[in-house]
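*Asks:* Take a look at the following structure, please.
Pasting the structure below:
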C-alpha cells in the first residue's frame, strides 16, 4: 500500500483512510508511513482536515510525534492557520512548547504568520511568551518583524520582554520601518517599562524622524 494512509490523510479522504486503517496494524501506519519523517497526523493537520485528525487520534496516532525537523502536528496547524485543529490537538494533550530544530515554538510561528486567533488561544493556554529560539529571538521579535500590531499588543499584555536576540537585536530594532504604528507601540512600551538605556537611542531618533516626515 506504500504511502496510501499518508496520502489519504494529506488529501482529506476520510473514508479511504478509515478503510486503510482497518486493514493495517497501528505500528505499521504510524511508524512506517511517513514522508521525510512527517506522519499522517502531521499531514492532515497541515492541510486542515479536522475529521481526518480526529480519526487518526482515535486510531492511536501520537499527538506529539515529530518530523525530521522536529515539527509537530500542532506546529503544522499553527503555521497554516487552522484554529479548529489547533484547539482539538491541544485538547488532546498536544505540547505547546515543543520547538522545531531552530527552536521556534508554535507561538512564534503563529505570531510570524499573523494568525491572531491562534496566538491568542496559545497564550490563553499558557504558551511561554518569552521562550527563546536557538538564535535568541522571541515571539515579540517575530511579531515585530511581521508587523502584526494586534498580536504585538497581546504579547505585551502577557508580559513579553524587550530582550536582545543572539545578534543584539531587540524587537524594536526588528520592527519594519514601514510600520510606524508598531514602532510607536514598542517605543512607548520600552520607555514605560524599561530604563532609558535599554532602548537604542539611534532607533528612537530614527522613529521620530519617520513620524515627523511621514
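Numbering (full-length UniProt numbering), first residue to last: 1 to 214. All residues carry an ideal CB built from backbone N, CA and C; glycine is no exception. Please read these numbers as outputs of a predicted model, since none were measured by experiment.
(1) In the structure shown, what three-state DSSP assignment does residue 38 receive?
(2) Quick one: what's got a C-beta closer than 7 angstroms to residue 52's C-beta in the same chain, skipping five residues either side?
(3) Using alpha carbons as the reference points, say which of 159, 82 and 110 lies closest to residue 147.
(4) Quick one, are the C-beta atoms of residue 7 and residue 39 less than 8 angstroms apart?
(5) For residue 102, I'd like the list of residues in its chain whose CB is within less than 7 angstroms of its CB, leaving aside the five on either flank, ordered along the chain.
(6) Any idea if residue 137 is buried or exposed, counting beta-carbon neighbours within 10 angstroms, 16 or more meaning buried?
(7) What is the DSSP secondary structure of residue 80, counted as helix, strand or coil?
(8) In terms of residue numbering, what span does the alpha helix (DSSP H) encompassing residue 124 cover?
(9) Compare the C-beta of residue 49 against all C-beta atoms of chain D and say whether one is closer than 8 angstroms.
(10) Go through its chain and collect everything with a Cβ distance to residue 168's Cβ below 6 angstroms, but skip five positions before and after it.
(11) Thinking just about the alpha-carbon of each residue, which of 99, 20 and 82 is nearest to the one in residue 67?
(12) Could you pull out every residue in the same chain whose Cβ sits closer than 6 angstroms to the Cβ of residue 83, ignoring the five residues on either side in sequence?
(13) Secondary structure at residue 52, three-state DSSP: helix, strand or coil?
(14) Have a look at residue 63 and residue 70 and give me their C-alpha separation to the nearest angstrom.
(15) Identify every run of the alpha helix (DSSP H) within the stretch 124 to 177, keeping only runs that are complete inside it and at least 4 residues long; order them along the chain.
(16) Specify, as a first and last residue, the run of the alpha helix (DSSP H) that residue 110 falls within.
*Replies:* A quick look at the data gives this:
(1) strand
(2) 9, 12, 14, 17 and 44
(3) 110
(4) no
(5) 133 and 134
(6) buried
(7) helix
(8) 116 to 124
(9) Considering every chain present, this structure includes no chain D. It has just one protein chain.
(10) none
(11) 99
(12) 117 and 118
(13) helix
(14) 13 angstroms
(15) 139 to 146, 149 to 157 and 171 to 174
(16) 106 to 113
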